[in-house]
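Asker: Got a structure for you, written out below as structure tokens; questions coming shortly.
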Amino acid sequence: MTVTELQTRKAELLKSLEATTSAADLESFKLAHIVRKGSIAALFDDLKNVPKEIKPEVGKALNELRISVEEKFKNKETALGGPIHEKADTLDLTMPSRPLTVSEPGHEHPLNKTLDEMVGIFVNMGFDVAYGPEIEDDEHNFEKLNFAPDHPARDMQDTFFIKPSKDWKPESGEKPVLLRTHTSPVQVRLMESGKLPIRAVMPGRVYRNEAISARSAACFYQLEGLVIDKGVSMADLKGILLSFAKQFYGDDTKIRLRPSYFPFTEPSVEVDVSCYICGGKGCRICKSSGWLEVLGAGMVHPNVLRDCGIDAEIYTGYAFGMGIDRTALMRYGINDIRFFTENDYRFLRQF
Ligand code: PHE
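This is the structure:
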């Protein structure tokens, strides 16, 4: 191997590079000459056989050959559209894509839909929305709501106590901690806060130790409302409930109030709405009565106002409370309350 031979070789390689017009040819050139086992590397291997005296000039010529060829190769590569692995003609556009596993958007839960709609109606009528803890104490869930110490609702049959144990007696003086059995303790907390007037609804989850069946669950949802101001009367309560019923159940809806009893309201009423399925004529849903029982309500008991630090001589108020789950059952024609918590996609996707 001599300097002249190397110069000739260099000229040949450059000429051959010059002649390449496609990315594929350029790739072949690279494989033949430039890669680690290519012809140029072989020349470097051969250097060890060159006589010592001419080795420096031969080595220099060989380096020049390598640099020129590599430089020319790079230029050619750029001219032909960049490095070969990034070129579009190497992309197989016929390759099938990965299958899409999520093919539809999420769905709103029927309970949330019902609750949001109800809350929205009250918000439009000027109500605030208030929340409270699900783990409550006896004071907020019962005591300040005028439940006598031996009231049956405090019983283990209804209430999930967190502490103390089931042997608790009112006389012991120990204040039980429990899962709230209704959203009324949020009313107590609002009244205690001392900010008057109050006009709010309280949506939330409540717990009762009931046998689970198609019609009843141990955990369900309520929406309660509370209005406290000067001069609030039963007529205001009736007006608000009628307006709500028309917006939620339809414009032709009528309501009727029946006397009832709750420890925290006096007088107390059960409120029925005319059946929105049959229009009051009588059907399977309203059990031929033409009416659906939807909520409990009444004027806040003066004892409750006083215990929460409100002057019952100056202020009066009304409260109401309704269950969300049964309303949603009727509204969507669902026949089993357990569907709400089973998270079965086949059920949920219908809403
Ligand atoms: N807290 C009552 C219940 O859970 C409902 C209610 C609220 C009744 C407010 C009257 C007034 O049954």
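Here the numbering used here = 1-based position in the sequence shown + 2. Beta carbons: idealized from backbone N, C-alpha and C, even for Gly.
Under 8 Å: do the region 170-182 and the region 289-304 share three or more Cβ pairs, one atom per stretch?
Answerer: no
Asker: Under three-state DSSP, which class holds residue 256?
Answerer: coil
Asker: Roughly how many angstroms separate the alpha carbons of residue 273 and residue 165, rounded to a whole number?
Answerer: 35 Å
Asker: For residue 321, tell me which candidate among 176, 337, 237 has the shortest Cα-Cα distance.
Answerer: 237
Asker: Starting from the N-terminal side, write out each stretch of the beta strand (DSSP E) that is 3 residues or longer and does not extend beyond the region 176-241.
Answerer: Those beta strand (DSSP E) runs which fall completely within the region 176-241 and span 3+ residues are 179-181, 200-209, 221-231.
Asker: Which word fits residue 183, buried or exposed, when buried means at least 16 other C-beta atoms lie within 10 angstroms of its C-beta?
Answerer: Classification for residue 183: buried.
Asker: Looking at the strands, I want to know which residues DSSP matches up with residue 295.
Answerer: 274, per the DSSP bridge assignment.
Asker: Go ahead and label residue 189 buried or exposed: buried means 16 or more other beta carbons lie within 10 angstroms of its beta carbon, across all protein chains shown.
Answerer: buried
Asker: If contacts are defined as beta-carbon pairs under 8 Å, then residue 130 and residue 202 qualify, I think. What distance do you get, rounded to the angstrom?
Answerer: 4 Å
Asker: Applying the 10 Å Cβ sphere with the 16-neighbour rule, what's the burial state of residue 37?
Answerer: Its Cβ having fewer than 16 others within 10 Å, residue 37 is exposed.
Asker: When the Cα atoms are used, what is the spatial distance from residue 243 to residue 179?
Answerer: 33 Å
Asker: DSSP three-state call for residue 52: helix, strand or coil?
Answerer: coil
Asker: Which of the three DSSP states, helix, strand or coil, is assigned to residue 264?
Answerer: strand
Asker: Could you pull the start and end residues of the beta strand (DSSP E) that residue 139 belongs to?
Answerer: 137-139
Asker: Can you tell me which of the three DSSP states residue 332 falls into?
Answerer: helix
Asker: Any idea what DSSP makes of residue 321, helix, strand or coil?
Answerer: strand
Asker: Threshold first: 4 residues or longer. Then list the alpha helix (DSSP H) segments lying entirely within the region 96-158, N to C.
Answerer: 112-126, 140-143
Asker: Could you have a look at residue 57 and say whether DSSP puts it in helix, strand or coil?
Answerer: helix
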